[in-house]
Amino acid sequence: MKICIDAMGGDNAPVAVFEGVKAVLGKLDPATELRLYGTGEAKALAESMGILSERVGFVVTTEVIGCDESPTMAIRTKKDSSIVRALQDIAAGNGDAIVSAGSTGAVLTGATLIVKRLPGIKRPALAAAIPNVVGGRVLLLDSGANTDCKPEYLVQFAIMGKAYMEKVQGVPSPKIGLLNNGAEAEKGNELTKTVYGKLLEAPIDFAGNCEAREALSGDFDVIVADGFDGNVLLKSIEGTASAMMTMLKRELYGSLRTKIGAVIAKPAFRNLKKVLDYTEEGGAPLLGVRAGVVKAHGSSNAKAFAATFLQAERLVANNVTGVIAEALKDLAEE
60 MKICIDAMGG DNAPVAVFEG VKAVLGKLDP ATELRLYGTG EAKALAESMG
110 ILSERVGFVV TTEVIGCDES PTMAIRTKKD SSIVRALQDI AAGNGDAIVS
160 AGSTGAVLTG ATLIVKRLPG IKRPALAAAI PNVVGGRVLL LDSGANTDCK
210 PEYLVQFAIM GKAYMEKVQG VPSPKIGLLN NGAEAEKGNE LTKTVYGKLL
260 EAPIDFAGNC EAREALSGDF DVIVADGFDG NVLLKSIEGT ASAMMTMLKR
310 ELYGSLRTKI GAVIAKPAFR NLKKVLDYTE EGGAPLLGVR AGVVKAHGSS
360 NAKAFAATFL QAERLVANNV TGVIAEALKD LAEE
């Protein structure tokens, strides 16, 4: 297995990428190889850090795609960028998955144009795994790739989410929910009301509508939504978690009495922080394309990159792409 890594993507690249590689090598399957893509300067840094080896190669590129560039234009004009070269290699079968913390738009656009969609897939979807209150995770898709969706897109998201949760997270018969503004079947806009009926007929365990307040309840393993609503929900959860931790810290250190309580409860708070830490999970896979594509968080540190590399390995090892293709084979374009 070969995992292609964009060494130039992310706020802390390339140092955090290289540190993540160093941290994860002992955890990956010994047969898994990593291939870094970046500038000559980045390669020199990797060499000085002792990163390169028989298992870790480096492809020198001359261009970098910035987050402020037009994704489509950048993919078409910067052919020797780290993102494009890595995508071209997995499209040609010279790699099995790509990990990038760079421009989300460039990764999504490049994956669609270069790697291409699976047969029958209308739109690939970004799938974000979020911790829930029962100690597991709920998969939210789409979490930002497609702001406007048709009913058939969401049905495919549900089938792809089922395949991912079964094969990567080990959840048997995952319960699928439809993000909506009410639990009743007749609630919602035209999109969700149409999708509700279609999900009842789909080959999934459809558990009904999911209100935003129920997203982390543990009642659902997968939540499907259009990319606009899904991204709003994701960012709301992230912002609320951050705000709650800040307010809790302020209250705990507000008086001597609460400070004493904080010291006693410190292990619990440490565990809670770990649960809410995105670096523990890794990135968001783009489901529905012909090879593994994982978008890491732009602010990923070494720990987050290491988790994302392990996530990409599981994605390939469990043949999630093949499982999704098989599940949707009846929808394949002739």
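In our numbering, the protein residues as written are 60 to 393. By construction, the Cβ of each residue, glycine as well, lies at the ideal position given by its N, Cα and C atoms.
Proximity below 8 Å, CB of residue i to CB of residue j
i, j, result
"Asp139", "Thr121", "yes"
"Ala222", "Ile124", "no"
"Met60", "Glu92", "yes"
"Glu270", "Asn240", "yes"
"Leu238", "Ala284", "yes"
"Ala156", "Val352", "yes"
"Lys130", "Gly97", "Checking the sequence, you will find Pro at residue 130 rather than Lys. Their beta carbons are not under 8 Å apart, which means Pro130 does not touch Gly97 by this criterion."
"Ala133", "Ala165", "yes"
"Ala170", "Val348", "yes"
"Ala363", "Gly341", "yes"
"Ala217", "Ile180", "no"
Neighbour-count burial assignment, residue i, 16 or more Cβ in a 10 Å radius
i, result
"Asp88", "exposed"
"Glu393", "With a pLDDT of 37 at Glu393, under the threshold of 50, the predicted position of this residue should be treated as unreliable, and no value is reported."
"Ala391", "The pLDDT assigned to Ala391 is 49, lower than 50, so where the model puts this residue is not dependable; a value taken from the coordinates is nonetheless given after this. Under this definition Ala391 is an exposed residue."
"Leu307", "exposed"
"Tyr255", "buried"
"Val76", "buried"
"Arg196", "buried"
"Leu406", "The first residue shown for the chain is 60 and the last is 393, placing residue 406 beyond what the model contains."
"Asp127", "exposed"
"Tyr212", "buried"
"Arg309", "exposed"
Integer-rounded CB distance, given that residue j should sit under 8 Å from residue i
i, j, result
"Leu346", "Pro183", "6 Å"
"Asp70", "Gly357", "6 Å"
"Leu469", "Asp201", "Within the shown structure, residues of the chain are numbered from 60 to 393, placing residue 469 beyond reach of any answer."
"Cys63", "Gly154", "4 Å"
Counterpart residues of residue i in DSSP-defined beta bridges
i, result
"Phe156", "According to the sequence provided, residue 156 is Ala. The question's Phe does not apply to it. Beta-bridge pairing links Ala156 to Ile62, Gly351."
"Ser122", "One point to set straight first is that residue 122 is Glu, not Ser, in the sequence displayed. Its beta-bridge partners are Ser140."
"Lys398", "Because the chain here runs from 60 to 393, residue 398 falls outside it and cannot be looked at."
"Glu92", "Lys61"
"Gly97", "Val119"
"Arg176", "Val348"
"Leu185", "Leu345"
Residue i beta carbon near the ligand ATP (any heavy atom closer than 7 Å)
i, result
"Ala363", "In terms of ligand content, the structure shown is empty, and the ligand ATP therefore cannot be addressed."
Any C-beta of chain C under 8 Å from that of residue i
i, result
"Gly69", "Looking at the structure shown, chain C is missing, and only one protein chain is on hand."
Candidates the options, of which the one nearest residue i by Cα
i, options, result
"Leu258", "Val375, Ile282, Leu275, Gly277", "Ile282"
"Glu297", "Ala160, Ala187, Ile110", "Ala187"
"Phe328", "Val353, Ala300, Ser314", "Ala300"
"Ile142", "Leu95, Met108, Lys181, Ile218", "Leu95"
"Asp207", "Phe287, Asn268, Ser159, Glu249", "Phe287"
"Ala350", "Leu172, Glu249, Met108, Leu111", "Leu172"
"Ala66", "Ala343, Leu374, Val174, Asn360", "Asn360"
"Leu292", "Met303, Phe117, Leu146, Leu275", "Leu275"
"Glu113", "Val119, Ala90, Ala103", "Ala90"
"Asn290", "Lys226, Ala343, Thr253", "Ala343"
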